[in-house]
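Asker: In terms of the working numbering, the sequence shown opens at residue 1 and continues consecutively. Where is the CB? At the ideal position from N, CA and C, for every residue including glycine. All of these numbers come straight from a predicted model, not from anything done at the bench. Have a look at the structure that comes next, please.
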Amino acid sequence: DLYKHVVGVVHTNYQVYLEELGYAGLMSSATIRDSLFSTFTSMVCSAYCDVTIKLSSAGMSLPNEVLYNVHGVRQEFFDIARRSNAVRPRWLRGTDTAFT
Numbered sequence: 001d002l003y004k005h006v007v008g009v010v011h012t013n014y015q016v017y018l019e020e021l022g023y024a025g026l027m028s029s030a031t032i033r034d035s036l037f038s039t040f041t042s043m044v045c046s047a048y049c050d051v052t053i054k055l056s057s058a059g060m061s062l063p064n065e066v067l068y069n070v071h072g073v074r075q076e077f078f079d080i081a082r083r084s085n086a087v088r089p090r091w092l093r094g095t096d097t098a099f100t
């Protein structure tokens with residue numbers, strides 16, 4: 001009820017990132033890990049996003065998806081990021097190397 005229209009933006013390399021983390025036990029099985037990941041992602045997108053924008057056609061299909069290829073980032077976004085730590089991901093806050 002708080003938001004009338006929610007747009008989710010999905011990067012396409014999440015599954016690749018998961019593979020690189022190196023899991024042990026049950027999660028070391030790519031079949032189980034990918035199944036859990038795709039189920040959870042689909043449920044979250046379906047429950048919380050009116051539209052899900054995919055940045056490329058790679059990756060899994062998602063509920064209410066729209067393909068919108070993005071080829072680069074405008075300089076204005078980097079300028080805003082330099083001025084404010086609030087727009088940086090938590091793991092980048094306090095560093096200057098990410099935007100130089």
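1) Under a Cβ-count criterion, where at least 16 other Cβ atoms within 10 Å of its own Cβ denotes burial, should K54 be classed as buried or exposed?
2) Measure the alpha-carbon distance for L36 versus L21 and round it to whole angstroms.
3) With G8 and T52 assumed to form a contact (beta carbons below 8 angstroms), what rounded beta-carbon distance in angstroms separates them?
4) Per DSSP, which one or two residues make a beta bridge with T52?
5) If you compare alpha carbons, which of Y68, L2, Q15, Y3 is closest to M60?
6) Going by beta-carbon coordinates alone, are D34 and V6 separated by less than 9 angstroms?
7) Using the C-alpha atoms, what's the distance from Y48 back to N17?
8) Drop a sphere of 10 angstroms on the beta-carbon of L26, count the other beta-carbons inside from all chains shown, and report buried for 16 or more, exposed for fewer.
Answerer: Quick answer:
1) buried
2) 15 angstroms
3) 5 angstroms
4) G8, E65
5) Q15
6) no
7) Per the sequence shown, the amino acid found at residue 17 is Tyr instead of Asn. Answer to the nearest angstrom: the Cα atoms are 23 angstroms apart.
8) exposed
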